[in-house]
Each structure stands twice: as structure tokens, then as C-alpha cells.
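First up is the structure itself, then whatever we jot down about it.
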Amino acid sequence: DAGVIQSPRHEVTEMGQEVTLRCKPISGHNSLFWYRQTMMRGLELLIYFNNNVPIDDSGMPEDRFSAKMPNASFSTLKIQPSEPRDSAVYFCASTWTSGGETQYFGPGTRLLVL
Amino acid sequence: QKEVEQNSGPLSVPEGAIASLNCTYSDRGSQSFFWYRQYSGKSPELIMFIYSNGDKEDGRFTAQLNKASQYVSLLIRDSQPSDSATYLCAVENTGNQFYFGTGTSLTVIP
Chain A
1 DAGVIQSPRH
11 EVTEMGQEVT
21 LRCKPISGHN
31 SLFWYRQTMM
41 RGLELLIYFN
51 NNVPIDDSGM
61 PEDRFSAKMP
71 NASFSTLKIQ
81 PSEPRDSAVY
91 FCASTWTSGG
101 ETQYFGPGTR
111 LLVL
Chain B
1 QKEVEQNSGP
11 LSVPEGAIAS
21 LNCTYSDRGS
31 QSFFWYRQYS
41 GKSPELIMFI
51 YSNGDKEDGR
61 FTAQLNKASQ
71 YVSLLIRDSQ
81 PSDSATYLCA
91 VENTGNQFYF
101 GTGTSLTVIP
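Structure follows, in C-alpha cells:
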């Protein structure tokens, strides 16, 4: 059974460019989470969806970040324009309910903005 | 005040010893508590979750929860070098929001 799939695994881009990160949750899961991890701030929840609907986006740092979940099997996190301070590992996680359940993490996307 | 706080370590213990990892949280109404393990360069993976006050044991791991003190801990008995990793405490607060601590780095010395 495939786990959470993220792409790309690594992304190097220049400041000002648009970056799109992709996530495919585990089949049957109805909640999806986007996290950002840095050494300084640890793992931060950016946004989570339940049944494809954004429930809490209070962690999205600013308007440069946007996330969509057009269907149950796909989500994107977009940064436009990207800045060096966005460099981090971005994780997607999924679970089968909105809370109190185990989250399964994808392998992460390592983003470096030059 | 951060939602979830952990001692960043590093924590070093000899092989076979008990490793004790601690976590405090700010939202008194929090209901669900999780411990994740993260190896370097890898994604977090769940070790244990606990919802009720007291101890919960799973093999060499014991999670302890004290809601009155807003404190959750993870004990690893008979520590092995393969336990060397960063351990993340996660809390689901009353608003169903998940917060992670910054993690405690554990090194088990052979």
C-alpha cells in the first residue's frame, strides 16, 4: 500500500520564482496537512483540509503561500514569489479523520530558494 | 508562550539505559498527545499516542500524561543505538489544531 506521495523530493529555485509542491494522500484518508520544518522553528502546521475543504489556514505565513485540494487524491502548495527564507522541508501528511488520529507523513520536499 | 515546548537536548544515554523525554503544552483543554520519531533526513513517524492521564506502554516505550501539570513524557527502556533520532511531541488542542514541539535529539551510545 503506497504511503503519502510528495513531489518533487528536492527543489532548488531562485528568489522570485513560483514553486509548486504536490501531494497525494493515502487512499481513503479524508484529512490532509501541510507542514514546514526548519531548524529554528521546528515543524509548523501551515494548513489542513478535511474532505477537500480548507479548515484551518492560520499557519500560512503570508499571501505568497496558497494551497488547494481539488479532489481527495491531490493537493498543491504554491509559493509565489519565493524568497530565501522559504527554504525548508515541506511535509504533507494525511489521516482518515479531522483530529485525534495518527498522521502519516510523506517523505517531504526539500526546498532551497537562492 | 509556545503551544508545545521540549528540551532540544541533545540527550545522550548509554546503551541499555532509560531515556526520558519531556514535553509541556499550554492549552489545558488539549485532548490528544503524540510522540513521533524522526531520523535525520527522514519524515516523522508515529511511535505512540495517549489520550488519558497515566501511563501507556508499548514494548520498550512508555508514554506518560499528566493533564493537571500539562506534561507528557516518553520513556524508552533498554535504549538501543537505533533509537538515536529526534523525538517530536505533538498536541491536538481544543481547536483541533496540531502543534509540534521543536524536538529532542537523542543519542544512544554503544
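Residue numbers (the numbering used here), protein chains in the order written: chain A, 1 to 114; chain B, 1 to 110. For every residue, glycine included, the Cβ atom is placed at its ideal position computed from N, Cα and C.
Across the set 5/A, 28/A and 59/A, the C-alpha of 5/A shows the shortest separation from the C-alpha of residue 21/A. Contact annotation, residue 37/B with residue 50/B: C-beta distance approximately 15 Å; criterion of less than 8 Å not satisfied. Under a criterion of Cβ atoms nearer than 8 Å, no residue of chain A is adjacent to residue 70/B; the nearest Cβ is some 18 Å distant. Classified as buried, residue 84/B has 16 or more neighbouring CB atoms from the shown chains inside 10 Å of its CB.
At a cut-off of 8 Å, the C-beta of residue 107/B has no neighbouring C-beta in chain A. Residues of the region 78-95 of chain A whose Cβ lies closer than 7 Å to any Cβ of chain B, in chain order: 91. Three or more pairs of CB atoms, one per stretch, sit closer than 8 Å, so the region 59-77 of chain B contacts the region 14-30 of chain B. Residue 93/A is positioned such that its CB atom lies no closer than 8 Å to that of residue 111/A. Between residue 103/B and chain A, the shortest Cβ-Cβ separation is below 8 Å. Against chain A, the beta carbon of residue 88/B has neighbours under 9 Å at 42 and 43, listed in chain order.
Collapsing the DSSP output to three states places residue 83/B in a helix. Within 10 angstroms of the beta-carbon of residue 53/A lie fewer than 16 other beta-carbons, which makes it exposed. By the beta-carbon neighbour count (other beta carbons within 10 angstroms, threshold 16), residue 96/A is exposed. Using a CB distance below 7 Å, the part of the region 37-70 of chain A facing chain B consists of 42, 43, 45 and 56, ordered along the chain. Note that the C-beta distance between residue 99/B and residue 35/B is not below 8 Å.
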